[in-house]
Structure formats: structure tokens, C-alpha cells
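Working notes, structure below.
2 protein chains.
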Amino acid sequence: LNLPALSFRALAGLPEIEPAMRLAPLIATALRQQGLRIQASDALLVCQKIVSKADGRFVRLDSITASARALELAARCGKDPRLVELVLQESSAVLRCVKDVLIVRHRLGFVVANAGIDQSNVPGSTERVLLLPRDPDLSAARLRAELAEEIGCSPIVIITDSFGRPWRQGVCGTAIGAAGIAALLDRRGERDRSGRPLQVTQVAVADALAAAAALQMGEAAEGTPVVLATGLSSSWGRSEGRAQDLIRPLQEDLFQ
Amino acid sequence: LNLPALSFRALAGLPEIEPAMRLAPLIATALRQQGLRIQASDALLVCQKIVSKADGRFVRLDSITASARALELAARCGKDPRLVELVLQESSAVLRCVKDVLIVRHRLGFVVANAGIDQSNVPGSTERVLLLPRDPDLSAARLRAELAEEIGCSPIVIITDSFGRPWRQGVCGTAIGAAGIAALLDRRGERDRSGRPLQVTQVAVADALAAAAALQMGEAAEGTPVVLATGLSSSWGRSEGRAQDLIRPLQEDLFQ
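In C-alpha cells:
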């Protein structure tokens, strides 16, 4: 009688990730050590930070010279001009710049504060920051292929980050890369119980999975950057998309 | 060694909800029939629609006369003027009105299309629509108290709806009512693994739980409007908030 549960379990025992480390063998080892089986219909949700770290996306702020535009924006938002310069280099447009807040459209299309550049959990110099992965959908597809070699099946892979939202408080996990899943599930043509066409026809499946997984990752001392999700609907894996599908096209943006 | 899993399981066997039905006994029966135990640290996530239906929040469109303002907006967005009139009555501000899109600030504070008024899954006349609950935080608190009488403990209750997002495609489950949980978890004062203050200090816990639960609820024939979530962190229940806490104050809104 019971319907299947959708479950999220963080993997324990991953080491601190350093540039050039390969994530797939580390994840496979952690799964094995915890006796966790994984199927192709399961998902591994991976915090952006460890993908960026493995890809060596660190930048030393003392290697950056702020442009005139960065200096001007930094004066408005009160942030380090070198950080603002990096934000500009990572972005296609500045949407808002006020005291303590710098919101941009990242060159990958997301609207995000500080271009997703991370200053926390970066061990070593406080002068070092971490950029988002260069192409998170590609990183997800690569990790998926590498995992297949390690564990014998190709699980869904979702790369997550924590984003703010314009009208709501608090951050929420969001999918910035995905492979093996309909990140944006298209339900056009389906009908509700009364036989009417569904009002809601597109579901942000990868974002919803990222949101719950991010709760399990934690942000502080208990940081566990990989979460295994089981019990996913088989319909979500039937057509494959990318996290890029979740980005609203610019011409449909009503709130720039 | 294994970390606890955060799990979401839809309840089977709830009847179609009609006005004046009491949800707590029906949920308690469904839990019992499925042999599901529930603890005070667990959460029941309840789709807004059944709360609204039980509260009798149906409106017949043929009972509504469109105002001049509704007629003007309806002409712009191409929606039924009587629906637009109801949207206006439910809202404090119209943020965007273009072809097929009417986005408002609901009087409860959320920014949402069509004031959250639902035209699908409303059995009977196609002329009948369903408004959001009048006070979803209060509905959650009441349901929590009624559940305590039925099942002997006070679980967390979250009332969910599916909202669109300005810069992202697809809908995502969102918390519009909550009781017994820090809907917005405040982590100010905590430090990351390198000892720095956390960059992210507020986490939209109730929204993240709503997002995953909404995946289990389904939107179509398989509709299962109540989801049991287990494995929640004990820290989330330690301080209690409301879903209203998740709404960004108007004076901090940069994207009106």
C-alpha cells in the first residue's frame, strides 16, 4: 500500500577537496564504506564548492586589479573592489548594486548575488575566493560518466548551489548543473483528476531535489557536500535535460 | 556510520476533500492504514488545495462582477475579467500584467501569479475557482493542534503551494503556512570549517521541505496532497516560526 519514499542521505567521510582531486573515486569509496547501493535511477547531488575546488577554480584576490567600473560599483555596495572585478568578469549584466548587495546575471544565465563567488569554506588564505564551475552541466555529465566507471551504473548527477530569491528570505538549494534527468519536467498534455489540462505544466524537478539535498549538506562544521537521493520517479529520468533548461530566457524576463 | 536520511512519503487513500471536512482525522486514518508512525520531530506537508477546500474557499465566477480596473487588466493579460477581479480582491499590488501573465503581491505578502487562485482540480463546474487559505500560518497551527488530539503528538505542519520564480523556469513547491518549525532558520553566529562567520546565515528550511514534498504530491491523476517527512534535523524544530518569516520585507525588495 505504501508509496515509495523520496530520500536524501548525506555521504560521510569525504576528504577536504583540493585542486586536481578526482571526485568520482572518492564518492564511490564513500558509498562503499557506508554500504550504500546506488542504481541508475538514483541521484547524487554534489555541492558546487567541491566541483569548483576539484577544478581548481580558486582565485587569489591579490592577483586581481580592479577596473574603473569595479571601483565604482564597489563604492556603491561596500565590497572589496577586487571581488567586484571578479564578479564583473563572471557576469553578463549587473542587475542591482546597493549597500551590501551586488546581484548579477552570471554569464551562465543564473541571477545570483556576487556571481556565486564563494569566500567561505576556502581553507588557507582569506585572500582566496572560489568561482563557480566553468560549465556545471558539463561537469555533471563528466562526473556521471566517471561514476559509471567506478560503480557500474550511471546515476543522475545534480550540481547544487545555495541561491537567494528576490521576494523571499533565506537561501534555498538550486540546481546549476544536471545530467541524466529532466531538470525541467514538461507535463504539457497531461490532465488533472477532473480531466482538465494541467495549469502547471513545467516542474523544476532538479531545483526541488537540490533544495532538499542542500538541507542535508549543511553549511558549517558538519559540511557533507554529497547527498544520495533515492526513490525518484522513473518519469524524471526518461527524458534528459540540463540545468540550463531551468533558466528563464531573457526575452521572457519581466523582472530585470 | 550512516547519517540519517531525510525522507518524503506521500499518504495514499485520502478522499477528495469537500468543504467542512476535517483534515486531521482523515490524515490520522491514512497514517494508521499505512502503518506509518509519526513523531513530534516529523513534518506533515499539506497541499494548499485541500486546506482551501476544507475551508470552503471556493468562489463561483458567475457570482463576481468585474470592476473597471479588472476589465482593463483582463484586456491586457487575456484572462477572464471575473478571475482578474478576484485576483485584485486577494492582492495588495499588481506587479506585472502582460499577455497570459498576471503577477501580484498577495495580501499575505507572497509574490505569485493569479494571487494563487486555482482553476484546476476543482471538481464540478468549470466556473468554480479556489482561493488560497485565508491565513495559512493559522491553518497550519490549527491543523497541528487537531493532529495532536488524533495522534498524540504535535508534528510540524507545512502548507505548500507551487510557485513560479522570476528568473527560473518551472514551478517549485513553496511554504505558505508553517507551524512547529523554524521556517526560516537563522544561523547567524555560526562559523564554517575554517572558523570564518558563515556567509549564508538564513536558510529557507520550510521552502526546501515544501519543494521536495511537492514532487511527491504530483499535480495530476496521481494526486496525493499530504506528504510525511521524516529525518528532519532536531535544530529546525528548536525555535518556531511562521511561513510569513520567509517573505522579504517590502522595504528590502529590489525587484518590485
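Chains as they are written, first to last, in this note's numbering: chain A, 502 to 757; chain B, 502 to 757. All C-beta atoms, glycine included, are put in the ideal place defined by N, C-alpha and C. Here the structure is a predicted model, which is why all the values come from computation and not from measurement.
query	result
Per-residue DSSP class, three states only, for Lys716/B	The sequence as given places Leu at residue 716/B; Lys does not occur at that position. Residue state, collapsed to three classes: helix.
Candidates Ile682/B, Leu589/B, Glu691/B, Ala744/B, of which the one nearest Trp737/B by Cα	Ile682/B
Contact residues within the stretch 666–682 of chain B, judged by C-beta distance below 9 Å to chain A	Arg666, Pro667, Trp668, Arg669, Gln670, Gly671, Val672, Cys673, Gly674, Thr675
Same chain, Cβ closer than 6 Å to Ala616/B, neighbours up to 5 away in sequence not counted	Val588, Glu591, Ser592, Val605, His607
For Pro698/A: DSSP bridge partner residues	Arg692/A
Closer than 9 Å to chain B by CB, Ile652/A	no
Cβ-Cβ distance between Glu628/A and Asp687/A below 9 Å	no
is_contact[Val612/B, chain A] using C-beta, thresh 9 Å	yes
9 Å Cβ cutoff met for Val547/B and Ile652/B	no
Exposure label - Gly696/A; buried when at least 16 CB within 10 Å	exposed
Within-9 Å CB hit, Asp581/A to chain B	no
Proximity below 9 Å, CB of Gly678/B to CB of Gln757/B	no
Through-space distance from Leu545/A to Ala684/A, alpha-carbon basis	14 Å
Runs of alpha helix (DSSP H) lying entirely within the stretch 542–630 of chain B, each at least 4 residues, in chain order	549–555, 569–578, 582–591
Cβ neighbours of Thr702/B in the same chain (closer than 6 Å, five flanking residues each side left out)	Arg688, Arg689
Own chain partners of Asp619/A with C-beta closer than 7 Å, once the 5 adjacent residues on each side are dropped	Lys550, Val630, Leu631
Neighbour flag for Arg597/A against chain B, beta carbons, 9 Å	yes
Chain B contact for Asp543/A (CB, 9 Å cutoff)	no
Beta-carbon spacing of Ile539/B, Val727/B below 9 Å	no
Thr530/B in three-state terms, based on DSSP	helix
Residue of Val672/B, Ala676/B, Gly671/B minimising C-alpha distance to Gln670/A	Ala676/B
Partner residues on chain B for Arg629/A, Cβ-Cβ distance less than 7 Å	None at all; the shortest Cβ gap to chain B is about 10 Å.
Beta-carbon proximity check, Ala715/A vs Thr661/A, cutoff 9 Å	yes
CB contact flag (Leu603/A, Val595/A, <9 Å)	yes
Below-9 Å beta-carbon distance, Phe509/B vs any chain A residue	yes
Cβ of Pro505/A within 9 Å of any chain B Cβ	yes
Close beta carbons around Ala759/B, own chain, < 7 Å, minus the five adjacent residues each side	This structure leaves residue 759/B out entirely; chain B is present only between 502 and 757.
Contact check, Leu537/B vs Ala713/A, beta carbons under 9 Å	no
Collapsed DSSP secondary structure at Ala506/B in the structure displayed	coil
CB contact check: Gln703/B to chain A, cutoff 9 Å	yes
Cross-strand partners of Phe664/A (DSSP beta bridge)	Cys673/A
Own chain partners of Arg558/A with C-beta closer than 8 Å, once the 5 adjacent residues on each side are dropped	Leu631, Leu632, Leu633, Pro634, Arg635
Chain-order list of residues whose beta-carbon lies under 7 Å from that of Phe509/A (same chain, five-residue window excluded)	Ala713, Ala714, Gln717, Val728, Ala730
CB contact below 9 Å: Ser740/B versus chain A	no
Own chain partners of Leu572/A with C-beta closer than 7 Å, once the 5 adjacent residues on each side are dropped	Pro582
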